[in-house]
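This report concerns only the one structure given below.
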Amino acid sequence: RLALAHPIHRTHLPLEYLDVDEHYSVTIRKSLLAIQEADRLNITNNKHRLWFSYVFTDSHFLFYVNTSMCLYALETMANEEQKQQFLPLAQSFRIITTYAQTELGHGTDLRRLETEAVFDRTSDSFVLNTPTLTSIKFWPGALGRTTNYVLLMAQLYTPNRDHPCGLQMFLVQIRDLNTHEPLPG
């Protein structure tokens with residue numbers, strides 16, 4: 021009841037009557053307000069916060085993937101150093117993450133995943149690549165305007181590309197945290 025009783029629900033036309041920009045503006049406002057209201061109501065359990073936010077935004081919570089999938093992935097798969105660096109930022113919504121696995125040519129079939137991650141010894145970093153048209157990531161939620169990080173699923177290769185080493189997730193910054201402008205590459 022608290023989620024649906026908020027005055028913001030009476031400040032705009034139904035979402036289906038709004039143009040794209042108005043729809044996004046209302047949805048982002050409601051999503052941010054949902055987080056603030058959950059904090060104000062001291063809803064600390066992540067599942068309860070997610071459910072409250074989902075109801076508050078009429079099923080249009082722009083941070084759903086960040087809250088439901090990416091936070092959990094960071095909590096369970098990151099090492100301690102990564103957790104210290106990224107979890108507080110993700111929990112406070114300073115970074116908003118989406119998940120990118122689905123590829124244009126074969127959907128979510130992990131065995132056919134074509135996105136590559138190859139370790140480059142000279143730069144001491146991984147080079148991520150979608151080498152074919154069919155490997156282009158498809159349908160990562162909120163990537164177009166909202167997120168500033170992506171949790172990218174890729175096939176890991178040895179530096180000399182002998183064979184794949186299995187699947188690996190990479191947390192990749194895609195936008196400047198201050199300006200929200202896309203980063204190069």
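Residue numbers (the numbering used here): 21 to 205. The C-beta atom is built at its ideal place from N, Cα and C for all residues, glycine as well. These numbers were taken from a predicted model, which means no experiment stands behind them.
Beta-carbon proximity of residue i to residue j, cut-off 8 Å
i       : j       : result
Met-173 : Ala-93  : no
Leu-191 : Cys-185 : no
Met-91  : Ala-110 : In the sequence as displayed, the identity of residue 91 is Leu instead of Met. Result yes, Cβ atoms of Leu-91 and Ala-110 sit closer than 8 Å.
Ile-194 : Pro-202 : yes
Glu-134 : Thr-118 : no
Leu-197 : Asn-168 : yes
Phe-76  : His-26  : yes
Arg-49  : Ile-28  : yes
Leu-61  : Leu-22  : yes
Arg-132 : Pro-179 : no
His-80  : Leu-33  : no
Unbroken alpha helix (DSSP H) run spanning residue i, endpoints
i      : result
Met-97 : 91-97
Tyr-74 : 66-76
Leu-53 : 40-60
Leu-11 : With the chain running from 21 to 205 in the structure shown, residue 11 is simply not present.
Counterpart residues of residue i in DSSP-defined beta bridges
i       : result
Lys-157 : Glu-123
Asn-149 : Glu-136
Gly-205 : Per DSSP, none; premise fails for Gly-205.
Val-192 : Val-170
Gly-164 : Gly-164 is not bridged to any residue.
Pro-184 : Tyr-177
Whole-Å CB distance - residue i paired with residue j, under 8 Å assumed
i      : j      : result
Thr-87 : Arg-69 : 7 Å
Sequence-distant residues of its chain with Cβ nearer than 8 Å to residue i (five each side left out)
i       : result
Phe-83  : Ser-51, Ile-55, Ser-73, Phe-113, Ile-116, Ala-162, Thr-166
His-200 : Asn-168
Spatial neighbours of residue i in its chain, beta-carbon cut-off 6 Å, leaving aside the 5 residues before and after
i       : result
Thr-122 : Thr-128, Phe-158, Trp-159
Phe-146 : Ala-137, Phe-139
Ile-156 : Leu-124, Thr-150
Span of the beta strand (DSSP E), counted from its first residue to its last, around residue i
i       : result
Phe-113 : Careful: Phe-113 lies outside any beta strand (DSSP E) and carries neither H nor E.
Leu-171 : 169-177
Phe-140 : In the sequence under discussion, the amino acid at residue 140 is Asp, which differs from the Phe named in the question. That run of the beta strand (DSSP E) goes 136-140.
Contacts around residue i, its chain only, beta-carbon distance under 7 Å, and the 5 residues preceding and following it disregarded
i       : result
Leu-130 : Leu-187
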